[in-house]
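A.B. asks: Residues -31 to -1, 1 to 403 in mature numbering (1 follows the signal peptide of the UniProt record, and there is no 0) are what the sequence shown lists, from first letter to last.
Note that the Cβ used here is the ideal one computed from N, Cα and C, for glycine as well.
Would you mind keeping the following structure in view while I ask a few things?
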Amino acid sequence: MTTPPRRILSSAVVAMLLGGLAMLATPPSDARVNAPLPDDFLWGVSASGFQTEGSSPDSNWSRYAASTKVEDPIGTAVDFRHHYREDVERARSMGMKVYRVSIEWSRIEPSPGRIDTRELAYYDDLLAAITGAGMRPMLTLDHWVLPGWIADRGGWADARTAGSWLRHQRMVVDRYAHLSPLWITVNEPTLYIMNEVKFGGISVKDAPTMASRLVAVHRGIYDYIHHRSPGAMVSSTSAYIPAVQTALDVIFQDGVRDKLDYIAFNSYYSLSPAEPAIWTITSDKWKASVAADGIYYAFRDYSERFPGKPLYVVETGMPTEGGKVRPDGYKREDHLRDLVYWTQRARNDGINVMGFNYWSLTDNYEWGSYTPRFGLYTVNVKTDPSLTRHATPAVSAYRDIARANGVGPTYRPSRPASWCSLVQGVRSCVDPVR
């Protein structure tokens, strides 16, 4: 999932100082019938290997997770590696059509040229379980994790990394293209780069080099996938940062716009003049605004900047602090229904939305901490050795949503739309959803 990065968002403070725009804004409207989504709409859940699998092999992130820069070591995570069959069944029972996972390079190739056939067999079995349950895999090739031996060579600062990455990912494509997955090449490239700098994987001066190499490997593997499967659907996932996403897309997204079959993005947080302070003074995810109408403006933004491309929100959700009630009182099930309401509004307003994935099926390791919880099923990793999955009320809510292809036509969000939303910059304030 996406961390609300303070440094990026502090640049949005200037926009928030334009609070006077609120006096010019027309109040957003939510008073109309909201038609259901079409039968071919894709409902799904998302996860990543490192954050859930446990028994983590040597990688850049296994090292970061053992450092003093994190709150918690990773330990077993939720041990998805040995509980995947039950978790896949949980997704199936909710009526999901898509299950997003990542194929971890560090697990398959623990040393240069040595393929761990047991771990390949694990991924074979995992994907067989997903397809056997009637779901389509969404495969992320790179969810921020590199083998330790790549890290030892300098990670993305080393000129050999792009070639090694492409060689490995071609093998993954060859093995799984027959399953017709939805492909995600690189997860959140902008935050990937930021975290590599933060944890010392690369230096600040190497950040532009990493960005250019991520663009190059995306373009290379996109062409390879289409060589193998001309009708494949390939994208990369951007972390949608309110107010500044257009500027951030210069780093990666704009460099691959001709190599995207659909626009995939992750949307968690919102922004408005009424909710600025939390963004600038805290990194506690559970305190940041998660106003659900923000997803509408993210859809609208990408539909305007990438016309003709179908849109898929491949991560969205809501964090709590260790499963406690959020400071704003927002409940996961209500937030989920509200997100779906605004997704329906986008589709009904003519925006080509093809899918919606919730992050995540279970709680997971949030890149250094088990405190933020996003799961439809909560797991007490630090206190429960059995790692029992406990269903939240959002499980039945999502099941009902998938069955009905949305919330009911007369459903009204549990929270009003933001006054002068700045998710799409000034545009979403002066031209709100009507």
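Ordered along the chain, which non-local residues of its own chain (more than five positions away) have a Cβ less than 7 Å from that of T347?
C.D. replies: Hits under 7 Å: G292, D332, H359 and T361.
A.B. asks: CB-CB under 7 Å to A131, same chain, minus the five flanking residues each way: which ones, in chain order?
C.D. replies: Counting only Cβ-Cβ distances below 7 Å, and skipping sequence neighbours, we find R182, A185 and V186.
A.B. asks: Can you tell me where the beta strand (DSSP E) holding L110 begins and where it ends?
C.D. replies: First-last of the beta strand (DSSP E) with L110: R105 to D111.
A.B. asks: To which residues of the same chain is P385 closer than 6 Å at the C-beta, ignoring the five residues directly before and after it?
C.D. replies: Here the set comprises nothing.
A.B. asks: Mind checking E302: buried by the 16 CB within 10 Å criterion, or exposed?
C.D. replies: Buried.
A.B. asks: Mapping DSSP to helix, strand and coil, what is T215?
C.D. replies: Three-state DSSP puts T215 in a helix.
A.B. asks: Any idea if P(-5) is buried or exposed, counting beta-carbon neighbours within 10 angstroms, 16 or more meaning buried?
C.D. replies: The predicted position of P(-5) is uncertain, since its pLDDT is 49 and thus under 50; no value can be drawn from it.
A.B. asks: List the residues that DSSP assigns as beta-bridge partners of S236.
C.D. replies: Bridge partners of S236: T285.
A.B. asks: For S258, is the classification buried or exposed, using 16 other Cβ atoms within 10 angstroms of its Cβ as the cut-off for buried?
C.D. replies: So S258 ends up on the buried side.
A.B. asks: My understanding is that Y281 touches Y231, with C-beta atoms under 8 Å, so please give their C-beta distance in whole angstroms.
C.D. replies: That pair is a contact at about 5 Å.
A.B. asks: Mark R226 as exposed unless 16 or more other C-beta atoms lie within 10 angstroms of its C-beta, in which case mark it buried.
C.D. replies: Its Cβ having fewer than 16 others within 10 Å, R226 is exposed.
A.B. asks: Would you call G23 buried or exposed, if buried means 16 or more other Cβ atoms sit within 10 Å of its Cβ?
C.D. replies: Answer is buried; the Cβ neighbour count reaches 16.
A.B. asks: CB-CB under 8 Å to H195, same chain, minus the five flanking residues each way: which ones, in chain order?
C.D. replies: A201 and V203.
A.B. asks: Counting along the chain, where does the beta strand (DSSP E) carrying Y334 start and finish?
C.D. replies: Here Y334 belongs to no beta strand (DSSP E), and DSSP marks it neither H nor E.
A.B. asks: Note down, one range per segment and in chain order, each alpha helix (DSSP H) of at least 4 residues found wholly within the region 328 to 379.
C.D. replies: Here the runs fully enclosed are 362 to 373.
A.B. asks: State whether the region 152 to 171 contacts the region 119 to 133, with contact taken as three or more CB pairs (one from each stretch) at a distance under 8 Å.
C.D. replies: Touching, per the Cβ criterion.
A.B. asks: Below 8 Å between beta carbons: does that hold for L229 and V14?
C.D. replies: For L229 and V14, no; Cβs fall outside 8 Å.
A.B. asks: Could you check the C-alpha separation between V364 and M63 for me, to the nearest Å?
C.D. replies: Roughly 7 Å separates the two Cα atoms.
A.B. asks: Using the rule of at least 16 other Cβ atoms within 10 Å of the residue's Cβ for burial, across every protein chain shown, is H137 buried or exposed?
C.D. replies: Per the 10 Å Cβ criterion, buried.
A.B. asks: On the three-state DSSP scale, how would you describe R295?
C.D. replies: Coil.
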